[in-house]
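**Student:** Sharing a structure, written as structure tokens. Questions coming.
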Amino acid sequence: MSPAIRAWLTHLYPRPWRERYADEFDALLEQCLHSPLDVVDILLGALDAHLQLLNGENVNWRLMNMLNKLRTTILIVFAAYIAFIVAGMALVGLVDDSPMIPLMQSERAPALAMDIIRLGSVVALLAVVVGGLPLAISVFRRALTVDRRNLGLLLVPVISFFVLVLYFGFIFLVATSRIQINGVVPTVQPDNFPLGNRIMLIGLALIFVLGAIASTLAVWKVIFRTNAARTTFQTAGRVVSIDIYKFAYVPAVIATGCMLAMTIATIVWSFLVFSALPGVFFGNFGLWMTSTSSWVYGIIILMLISSLTAVWGVVRGRSALAQTRSVV
Amino acid sequence: MESSDFGRFSDPAVLILASLAGGEKHGYAMMEDIQATSGVRLGPGTLYGAISRLEADGLIEALPAVERRRPYRITQQGAAFLRTYLASLQKIVALGYARLQI
């Protein structure tokens, strides 16, 4: 039987089962998989393994499944956070150099809402960095020593970042007239915003969004491939052992709380600002001088979706965390 | 531990324990041994279904893999379980023979 068929048959088993037995099971199939009856037997075995998981039977790989769930939780929160950053960047673009700035300088309430958003973004970033650090170190270590195919995937965020920097450089050269393109002006004004400039800036947004999606997918894939739930560090002569996903859970909860707080603050801020400035809301003060209201609705919807996704991930992970503790 | 806890894997579990009682073996060696001694050929799905349960219940334990093939050995708990199971089976065998007046 070909390796592809063997791999496909093994893939029918649940992930935690495969993480424990796939290698030796494949070695067995290499030697004994000869008849269609064996294939039927494997199908029944895979079904049984799935039923064991559904019934919550106390098997060793149940613990692995819980860790797997916990890992998915962390990844869901991470992906939601990246989507939230996209919405946050759009909000920054919307507010930057807009008629909302003078209002926030004179009115305390919208300024306070914006301060909450800024504070939330700092705390969320810190939580993601702290929670993700042991995981990132573990992934890099294993990519360098065990699973070198992950190195290619880890290059995706780096390449995305460099492409973004290069494009920024290009825009800078256009803005300083070092590069001149027909139909593109160095500095745009509300009454002078040519189509060429809009396309150039939409390109920037596309590179940012596509880079964020590609990087998130690549990191997701790498983390799923990295079969390690624990990592060790040596600091000041002491060896510290960390359960990566359990460690990351609390920062994930903090990041999720920040996302929720920022979403609420953005809704309140929008209500306060645009009640005072209805002309701005119904006008074209959005990014690239497009509809403000569309941007506001889009930002709030993306923030709501991403923060609620993170909440779902955290709730999903809580039961896995509790079960992991009870099993261990 | 009752043998019925292993569900449709109860017989394979006992066959595996009996096989490992004779020394540590990896999956394929267990299949060959069981076929040679009992005439039963366990399919790969059945074999690993039973192995995963036996390992979860602490009746067998995995040893470090050698070229992807991982040997298993019976634990003390597994040996005790097998003894109890065989003793109860022996009673049934004796009772059956007696009632058949053989």
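These protein sequence lines map, in sequence, to chains P and A. FYI, in my numbering the residues of the first sequence are 14 to 341. FYI, in my numbering the residues of the second sequence are 23 to 124. All C-beta atoms, glycine included, are put in the ideal place defined by N, C-alpha and C. None of these values were measured; they are calculated from a predicted model.
Measure how close the beta-carbons of P:Gly196 and P:Gly209 come, nearest whole angstrom, since I'm counting them as under 8 angstroms.
**Tutor:** Here residue 196 of chain P is taken as the residue at index 183 of the first sequence, counted from 1. Here residue 209 of chain P is taken as the residue at index 196 of the first sequence, counted from 1. Going by Cβ atoms, the distance from P:Gly196 to P:Gly209 rounds to 4 angstroms, so yes, they are a contact pair.
**Student:** Could you tell me whether any Cβ in chain A is nearer than 7 angstroms to the Cβ of P:Glu32?
**Tutor:** The count along the first sequence starts at 1 and reaches residue 32 of chain P at position 19. Closer than 7 angstroms: no.
**Student:** Thinking C-alpha only, which one of P:Pro264, P:Ala225, P:Ser307 is nearest P:Val136?
**Tutor:** As a working note, residue 136 of chain P is residue 123 in the first sequence. Checking every option, the nearest Cα to that of P:Val136 belongs to P:Pro264.
**Student:** Is the Cβ-Cβ distance between P:Pro29 and P:Asn81 less than 7 angstroms?
**Tutor:** Within the first sequence, the letter at position 16 stands for residue 29 of chain P. Within the first sequence, the letter at position 68 stands for residue 81 of chain P. Contact: yes.
**Student:** Can you say whether P:Gln65 is buried or exposed, counting buried as having 16 or more other CB atoms within 10 angstroms of its CB?
**Tutor:** In the first sequence, counting from the first residue as 1, residue 65 of chain P sits at position 52. With 16 or more other Cβ atoms within 10 Å, it is buried.
**Student:** In angstroms with no decimal places, state the Cα-to-Cα distance between P:Val198 and P:Phe206.
**Tutor:** Sequence index remark: in the first sequence, residue 198 of chain P carries index 185 (1-based). Sequence index remark: in the first sequence, residue 206 of chain P carries index 193 (1-based). P:Val198 and P:Phe206: Cα-Cα distance of roughly 8 angstroms.
**Student:** Mind listing, in chain order, the continuous alpha helix (DSSP H) runs of no fewer than 4 residues lying wholly within the region 224-304 of chain P?
**Tutor:** 257-289, 291-295
**Student:** Who are the near neighbours of P:Ala52 in its chain, counting only those whose CB is closer than 8 angstroms to its CB and skipping five residues on each side?
**Tutor:** Taking the first residue of the first sequence as 1, we reach residue 52 of chain P at position 39. The question names Ala, but residue 52 of chain P in the sequence shown is Val. Excluding residues up to 5 positions away in sequence, Leu22, Leu46 lie with their Cβ nearer than 8 angstroms to the Cβ of P:Val52 in the same chain.
**Student:** Looking at the C-beta of A:Gly100, does it have a partner C-beta in chain P at a distance below 7 angstroms?
**Tutor:** Working through the second sequence from its first residue, we reach residue 100 of chain A at position 78. No, A:Gly100 lies away from the interface with chain P (no Cβ there is under 7 angstroms from its Cβ).
**Student:** Taking the alpha-carbon of P:Phe237 as reference, which of P:Leu116, P:Thr85, P:Tyr180 has the nearest alpha-carbon?
**Tutor:** Here residue 237 of chain P refers to the residue found at position 224 when the first sequence is read from its first residue. Per the Cα distances, P:Thr85.
**Student:** Label A:Lys113 either buried or exposed according to how many other C-beta atoms from any shown protein chain fall within 10 Å of its C-beta, with 16 as the threshold for buried.
**Tutor:** Locating residue 113 of chain A in the second sequence gives position 91, where the first residue counts as 1. Looking at its Cβ environment, which holds fewer than 16 other Cβ atoms inside 10 Å, A:Lys113 is exposed.
**Student:** So what does DSSP say about P:Val52, is it helix, strand or coil?
**Tutor:** The residue labelled residue 52 of chain P in the question sits at position 39 within the first sequence. P:Val52 falls in the helix class under three-state DSSP.
**Student:** Using beta carbons (cut-off 7 angstroms, strictly below), is A:Gly45 in contact with chain P?
**Tutor:** Here residue 45 of chain A is taken as the residue at index 23 of the second sequence, counted from 1. With 7 angstroms as the cut-off, A:Gly45 does not count as an interface residue toward chain P.
**Student:** What's the C-alpha gap between P:Val143 and P:Tyr262?
**Tutor:** Walking along the first sequence from the start, residue 143 of chain P turns up at place 130. Walking along the first sequence from the start, residue 262 of chain P turns up at place 249. Taking the straight line from one Cα to the other gives about 11 angstroms.
**Student:** Which same chain residues end up closer than 6 angstroms to P:Arg19 when comparing Cβ atoms and leaving out the 5 residues on each side of it in sequence?
**Tutor:** Taking the first sequence and counting its residues from 1, the one referred to as residue 19 of chain P is at position 6. Asp39, Leu42, listed in sequence order.
**Student:** Is the Cβ of P:Phe38 closer than 7 angstroms to any Cβ of chain A?
**Tutor:** Here the question's residue 38 of chain P lines up with position 25 in the first sequence. Yes, because at least one Cβ of chain A sits closer than 7 angstroms to the Cβ of P:Phe38.
**Student:** Can you tell me where the alpha helix (DSSP H) holding A:Tyr50 begins and where it ends?
**Tutor:** Residue mapping note: residue 50 of chain A aligns to position 28 of the second sequence, counting from 1. Its alpha helix (DSSP H) spans residues 49-60.
**Student:** Could you check whether the Cβ of A:Thr106 sits closer than 7 angstroms to any Cβ belonging to chain P?
**Tutor:** Mapped onto the second sequence, residue 106 of chain A falls at position 84. False, the Cβ-Cβ gap to chain P never drops below 7 angstroms.
**Student:** Counting only C-beta atoms, is A:Thr97 closer than 7 angstroms to chain P at any point?
**Tutor:** Numbered from 1 along the second sequence, position 75 holds the residue referred to as residue 97 of chain A. Answer no: the Cβ-Cβ gap between A:Thr97 and chain P never drops below 7 angstroms.
**Student:** Are any of the Cβ atoms in chain P nearer than 7 angstroms to that of A:Thr59?
**Tutor:** For the purposes of this step, residue 59 of chain A is identified with residue 37 of the second sequence, where counting begins at 1. So no, A:Thr59 is outside the interface.
**Student:** Residue range of the beta strand (DSSP E) that A:Tyr94 falls in?
**Tutor:** Against the second sequence, residue 94 of chain A aligns to sequence position 72. 94-96 is the extent of the beta strand (DSSP E) around A:Tyr94.
**Student:** In three-state DSSP terms, what is P:Gln193?
**Tutor:** Residue mapping note: residue 193 of chain P aligns to position 180 of the first sequence, counting from 1. Reduced to three states, the DSSP call for P:Gln193 is coil.
**Student:** Closer than 9 angstroms by beta-carbon distance: list the chain P residues that pair up with A:Ser41, in chain order.
**Tutor:** Along the second sequence, read from residue 1 onward, the residue named residue 41 of chain A stands at position 19. Within 9 angstroms Cβ-Cβ: nothing; A:Ser41 doesn't reach chain P, min ~14 angstroms.
**Student:** Please list the partners that A:Ala87 has in chain P, where partner means a Cβ-to-Cβ separation under 8 angstroms.
**Tutor:** Along the second sequence, read from residue 1 onward, the residue named residue 87 of chain A stands at position 65. Asp36, Glu37, listed in chain order.
**Student:** Which whole-angstrom value describes the C-beta separation of A:Pro34 and A:Thr68, a residue pair presumed to lie in contact below a C-beta threshold of 8 angstroms?
**Tutor:** Walking along the second sequence from the start, residue 34 of chain A turns up at place 12. Walking along the second sequence from the start, residue 68 of chain A turns up at place 46. Contact flag correct, Cβ pair sits at about 5 angstroms.
**Student:** From the DSSP output, read off the bridge partner residues of A:Val88.
**Tutor:** Working through the second sequence from its first residue, we reach residue 88 of chain A at position 66. BP columns for A:Val88 point to A:Arg91.
**Student:** Closest to A:Glu89 by CA distance: which of A:Val36, A:Gly49, A:Gly71, A:Ala72 is it?
**Tutor:** The sequence position of residue 89 of chain A within the second sequence is 67, counting from 1. Cα-wise, what sits closest to A:Glu89 is A:Gly49.
**Student:** Suppose the cutoff is 6 angstroms on Cβ atoms and the five residues either side in sequence are ignored; what does the same chain contact list for P:Ala233 look like?
**Tutor:** Here the question's residue 233 of chain P lines up with position 220 in the first sequence. As written in the sequence, residue 233 of chain P is Trp, which differs from the Ala given in the question. Around P:Trp233: Leu88.
**Student:** Classify A:Met23 as helix, strand or coil using the three-state DSSP reduction.
**Tutor:** By one-based count along the second sequence, residue 23 of chain A stands at place 1. Because the pLDDT at A:Met23 is just 48, under 50, the model does not fix this residue reliably, and the value given afterwards should be weighed accordingly. Three-state result, A:Met23: coil.
**Student:** Reducing DSSP to helix, strand and coil, say where P:Gln202 ends up.
**Tutor:** Here residue 202 of chain P refers to the residue found at position 189 of the first sequence. Strand.
**Student:** Between the alpha carbons of A:Ile56 and P:Ala225, how many angstroms are there, rounded?
**Tutor:** For the purposes of this step, residue 56 of chain A is taken as the residue at position 34 of the second sequence. For the purposes of this step, residue 225 of chain P is taken as the residue at position 212 of the first sequence. Approximately 55 angstroms, taken between the alpha carbons.
**Student:** For a quick check, are the C-beta atoms of P:Pro147 and P:Phe298 less than 7 angstroms apart?
**Tutor:** Here residue 147 of chain P is taken as the residue at index 134 of the first sequence, counted from 1. Here residue 298 of chain P is taken as the residue at index 285 of the first sequence, counted from 1. No, the Cβ-Cβ distance between P:Pro147 and P:Phe298 is not below 7 angstroms.
**Student:** Determine the chain P residues that contact A:Arg92 at a beta-carbon separation under 9 angstroms, and present them in chain order.
**Tutor:** For this step, residue 92 of chain A is matched to residue 70 along the second sequence. In chain order: Tyr34, Asp36, Glu37, Ala40.
**Student:** Would DSSP call P:Glu43 helix, strand or coil?
**Tutor:** Numbered from 1 along the first sequence, position 30 holds the residue referred to as residue 43 of chain P. P:Glu43 falls in the helix class under three-state DSSP.
**Student:** Can you look up A:Glu83 in the DSSP assignment and give me helix, strand or coil?
**Tutor:** Locating residue 83 of chain A in the second sequence gives position 61, counting from the first residue. Residue state, collapsed to three classes: strand.
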